[in-house]
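Below: the structure, in structure tokens.
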Amino acid sequence: MTRLQLIPVTPKKPLGNIPKLVELLTNGVRDQAAEGVRLMSTYPPQPAKSRYRRTGTLRRSWNFALKTGGGIIQAIIQSNRRVAPYNEAVQGQDQAPLFEQIGWKTIKDLDKQIQKDFPKRMQDMINKVF
877 MTRLQLIPVT PKKPLGNIPK LVELLTNGVR DQAAEGVRLM STYPPQPAKS RYRRTGTLRR
937 SWNFALKTGG GIIQAIIQSN RRVAPYNEAV QGQDQAPLFE QIGWKTIKDL DKQIQKDFPK
997 RMQDMINKVF
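Start counting at 1 in the sequence shown, then tack on 876, and there's your number in our numbering.
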């Protein structure tokens, strides 16, 4: 009778540090959200003929919340309507033409930035671990 012995082939070092990966990915999501808030909080130059005094209220309305757990890392970037009830007209999906002319960023610009930057940011984090 022939005996068969299976010898597992394993790498000499672990594939990667999964807890470290989760930490880095969480940091990457947080950093991307903070960058998004910065983008949306930046005021365009004020038109030369404008007498309107900016208060910074719209800037203060932007924030993000980070949620983790259950295998999910999520950041929600938002403008608080209670702080700036006009936020939708200035930076929303259907931005008023006046604010577009002035140069206010919209959530469409935010989406473009995330689509451009986020994949590379995450790949860089993965490369640090593997």
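Here a beta-carbon is modelled for each residue, glycine too, at the ideal position from N, C-alpha and C. Note that the structure is predicted; figures quoted are calculated from it, not measured.
Out of 933, 981, 941, point me to the one whose CA is closest to residue 902's CA. 941
Those residues which DSSP pairs with residue 940 across a bridge: Secondary-structure assignment with DSSP links residue 940 through a beta bridge to 953.
Cβ contact (3+ pairs, closer than 8 Å) linking the region 943-950 and the region 911-931: no
Can you list, in chain order, the residues of its chain with a C-beta nearer than 8 Å to that of residue 915? Leave out the 5 residues immediately preceding and following it. 981, 985, 986, 989
Please give me, in chain order, every unbroken run of the alpha helix (DSSP H) with length at least 4 that falls completely inside the region 882-947. 894-917, 933-937
DSSP three-state label for residue 880, please. Per DSSP, reduced to three states, the secondary structure at residue 880 is coil, with no helix or strand assignment.
Determine the DSSP secondary structure at residue 961, reduced to helix, strand or coil. coil
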